[in-house]
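In short: position in the sequence shown from 1, add 34, done, that's this note's numbering.
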Amino acid sequence: MRENLNEYTHELFMDQKIDPWSSKTIKNYKRVFEEFGIERIGKNLRKKFPHFFFRRGIVIGHRDLEKIAKRVEKNQPFINITGIATSGKFHFGHKIIIDLFKFFKELGGISYFAICDIDAYISRPDRRVPSLARAKEYAVENLSYILALGLTEKDIYVQSKKEQRYYEFAFEISKKITESVFKAVYGHLHLGKIGATLLQFADILHPQLPEYEGKMPSITIVGIDQDPHMRLVRDLTRRLPYNFELPSVLITRHLEGLQPGTKMSSSDQQNTIFLSDDPKVAVEKIIKAFDGGRPAKEQRKEGGRPHICKVYDFAVFNYESDKKLNEMYYNCKAGNVLCYDCKCVVAEFLEKLLTHYQKKVKQTVKLAKKIVYG
Ligand code: SF4
Numbered sequence: 035m036r037e038n039l040n041e042y043t044h045e046l047f048m049d050q051k052i053d054p055w056s057s058k059t060i061k062n063y064k065r066v067f068e069e070f071g072i073e074r075i076g077k078n079l080r081k082k083f084p085h086f087f088f089r090r091g092i093v094i095g096h097r098d099l100e101k102i103a104k105r106v107e108k109n110q111p112f113i114n115i116t117g118i119a120t121s122g123k124f125h126f127g128h129k130i131i132i133d134l135f136k137f138f139k140e141l142g143g144i145s146y147f148a149i150c151d152i153d154a155y156i157s158r159p160d161r162r163v164p165s166l167a168r169a170k171e172y173a174v175e176n177l178s179y180i181l182a183l184g185l186t187e188k189d190i191y192v193q194s195k196k197e198q199r200y201y202e203f204a205f206e207i208s209k210k211i212t213e214s215v216f217k218a219v220y221g222h223l224h225l226g227k228i229g230a231t232l233l234q235f236a237d238i239l240h241p242q243l244p245e246y247e248g249k250m251p252s253i254t255i256v257g258i259d260q261d262p263h264m265r266l267v268r269d270l271t272r273r274l275p276y277n278f279e280l281p282s283v284l285i286t287r288h289l290e291g292l293q294p295g296t297k298m299s300s301s302d303q304q305n306t307i308f309l310s311d312d313p314k315v316a317v318e319k320i321i322k323a324f325d326g327g328r329p330a331k332e333q334r335k336e337g338g339r340p341h342i343c344k345v346y347d348f349a350v351f352n353y354e355s356d357k358k359l360n361e362m363y364y365n366c367k368a369g370n371v372l373c374y375d376c377k378c379v380v381a382e383f384l385e386k387l388l389t390h391y392q393k394k395v396k397q398t399v400k401l402a403k404k405i406v407y408g
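1. Rounded to whole angstroms, what is the Cα-Cα separation between S282 and L233?
2. Just the Cα atoms here: how many angstroms apart are Q110 and F203?
3. Got a sec? Which residues, its chain only, sit under 6 Å from H222 by beta carbon, not counting five neighbours each side?
4. Where do the ends of the beta strand (DSSP E) carrying C150 lie?
5. Compute the distance between the beta-carbons of D237 and G117, then report whether it is under 8 Å.
6. Y179 and F124 look like a contact to me (Cβ under 8 Å); what is the Cβ gap, rounded to whole Å?
7. How would you call S157, buried or exposed, if buried means at least 16 neighbouring beta carbons within 10 angstroms?
8. Helix, strand or coil for K196 per DSSP?
9. Span of the beta strand (DSSP E) holding R97?
10. For the ligand SF4, I want to know if Y346 counts as a neighbour, meaning its beta carbon is within less than 7 Å of at least one of the ligand's heavy atoms.
11. Three Cβ pairs or more, each shorter than 8 Å: is that satisfied between the segment 245-257 and the segment 94-112?
12. To the nearest angstrom, report how far apart H224 and G122 are at their CA atoms.
13. Taking 7 Å as the cut-off, is the C-beta of G291 nearer than that to any heavy atom in the ligand SF4?
14. If you compare alpha carbons, which of F126, F70 and K82 is closest to S300?
15. Provide the residue(s) that pair with V106 in DSSP beta bridges, ordered along the chain.
16. Suppose the cutoff is 7 Å on Cβ atoms and the five residues either side in sequence are ignored; what does the same chain contact list for F278 look like?
17. Using only the alpha-carbon positions, how far apart do L274 and I285 sit?
18. Which residues share a DSSP beta bridge with H125?
19. Is the beta carbon of Q193 closer than 8 Å to that of A153?
20. Taking contact to mean 3 or more Cβ pairs, one atom from each stretch, closer than 8 Å, check whether the segment 286-298 and the segment 360-367 are in contact.
21. Identify every residue that forms a DSSP beta bridge with L284.
22. Would you say the beta carbon of G378 is closer than 7 Å to some non-hydrogen atom of the ligand SF4?
23. Can you tell me where the beta strand (DSSP E) with G117 in it begins and where it stops?
24. Any idea what DSSP makes of E354, helix, strand or coil?
25. Once DSSP output is grouped into helix, strand and coil, what is the label at I342?
26. Rounded to whole angstroms, what is the Cα-Cα separation between V379 and G295?
27. Using 7 Å as the cut-off, classify the Cβ of I168 as near or not near the heavy atoms of the ligand SF4, replying yes or no.
28. Could you spell out the range, first to last residue, of the alpha helix (DSSP H) harbouring G229?
29. Take K377 and list the residues in its own chain whose beta-carbon comes closer than 8 Å to its own, dropping the five residues that flank it on each side.
30. Assuming T398 is part of the alpha helix (DSSP H), what are its boundary residues?
31. Please classify G337 as buried or exposed, where buried requires at least 16 other C-beta atoms within 10 Å of its C-beta.
32. Return the Cβ separation of F138 and E354 in integer angstroms, given the expectation that the two are a contact with Cβ distance under 8 Å.
33. Following the continuous alpha helix (DSSP H) through L79, name the residue where it begins and the one where it ends.
34. Exposed or buried, which one is H483 when buried takes at least 16 other CB atoms within 10 Å?
35. Does any heavy atom of the ligand SF4 sit closer than 7 Å to the C-beta of D189?
36. Measure the C-alpha to C-alpha separation of S10 and K81 and round it to an integer number of angstroms.
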């Protein structure tokens with residue numbers, strides 16, 4: 035197990051496709067866990083954090099989550115710091131982060147939700163985000179849905195509107211990273227990505243500055259491909275001239291895209307369901323999604339294969355009811371249902387959900403514009 039920066043190997047990242055800017059999925063989680071010392075979520079932690087994301091294996095690992103569990107038990111505050119880069123439309127992969135952020139807020143977390151518009155512009159190619167103005171338009175779109183999902187203005191800050199102390203701190207951090215460390219972790223020295231990374235470090239650590247909350251445990255929610263950032267930030271925490279707590283990390287698996295080998299991503303329109311999708315278009319996407327079915331006669335006899343089915347995976351992330359999810363699983367395995375009918379049930383659920391949020395967004399867009407431009 036290693037968390038020491040000097041032991042990073044670029045080869046492993048490339049081999050396992052742990053690239054924070056990639057839209058591909060990771061094939062060998064086990065190796066990544068062992069190699070980088072990510073801890074698994076045991077029974078104890080599952081009990082302490084009673085959210086279905088923990089029970090269903092969506093939250094797959096952590097670093098120092100026990101620290102947050104202790105704060106919750108003692109009714110003491112902790113910093114809840116996470117964010118999204120606004121490089122495209124808001125989709126169901128993003129929704130996971132908001133759902134978990136809300137969960138930690140309810141447990142007593144002090145909210146710092148970052149809308150990372152500068153990060154999105156400087157780290158993405160021009161074909162995706164051609165200008166900062168475009169990143170801000172995405173910020174308004176993303177924020178409208180984030181507000182519709184239940185976060186409030188107080189929970190949120192926009193990177194491009196952050197105060198001077200935050201930027202001062204990002205520059206302070208830059209002195210603690212060498213070119214060779216950056217290259218070892220990411221395999222390149224792209225200036226925009228270096229800049230974006232520094233801002234991400236500032237996002238995670240600045241709430242512990244004396245001007246904000248002061249030294250305090252913090253939790254950041256990341257997809258497993260963001261773990262390189264978290265290892266770096268934890269290493270930096272030790273080397274900065276502040277007496278910070280090491281940030282805790284919650285690691286989730288990705289909601290996969292609708293075809294094998296993809297993940298929900300703003301750059302993959304076909305395999306991703308956006309919250310702004312016309313409900314009829316979203317229904318079509320579900321009907322065409324890769325499933326674990328077999329020829330009808332065979333499926334009735336042998337059952338389907340939910341473990342490879344993208345529609346089932348979508349339900350795992352989005353059905354709040356365990357009972358409803360279990361029924362879907364059982365009916366599939368028992369061959370009680372064929373894929374088209376099963377998909378229609380999920381599609382109907384999705385259609386209702388999208389209609390609900392799209393109605394809400396009509397009321398939140400004005401506030402989102404005010405937060406981003408005001
Ligand atoms: Fe997937 Fe449903 Fe088909 Fe099973 S029956 S493989 S869960 S679509």
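We put the beta carbon where it would ideally sit given N, CA and C, even for glycine.
Once the coordinates are examined:
1. 18 Å
2. 26 Å
3. none
4. G143 to C150
5. yes
6. 4 Å
7. buried
8. coil
9. V93 to R97
10. yes
11. yes
12. 21 Å
13. no
14. F126
15. In DSSP, V106 forms no bridge with anything.
16. L239, Q242, K249 and T271
17. 24 Å
18. F308
19. The sequence shown places Asp at residue 153, not Ala. Yes.
20. no
21. H96 and I255
22. Per the sequence shown, residue 378 should be read as Cys rather than Gly. C378 Cβ: outside cutoff for every heavy atom of the ligand SF4.
23. F112 to A119
24. coil
25. helix
26. 24 Å
27. It should be pointed out that residue 168 corresponds to Arg in this sequence rather than to Ile. No.
28. L225 to L239
29. I320, I321, A323, D325 and V345
30. C373 to Y407
31. buried
32. 17 Å between Cβ atoms; not a contact.
33. K77 to K82
34. Nothing about residue 483 can be reported from this structure: the residues present for the chain run from 35 to 408 only.
35. no
36. The requested residue 10 does not occur in the structure, where the chain is confined to residues 35 to 408.
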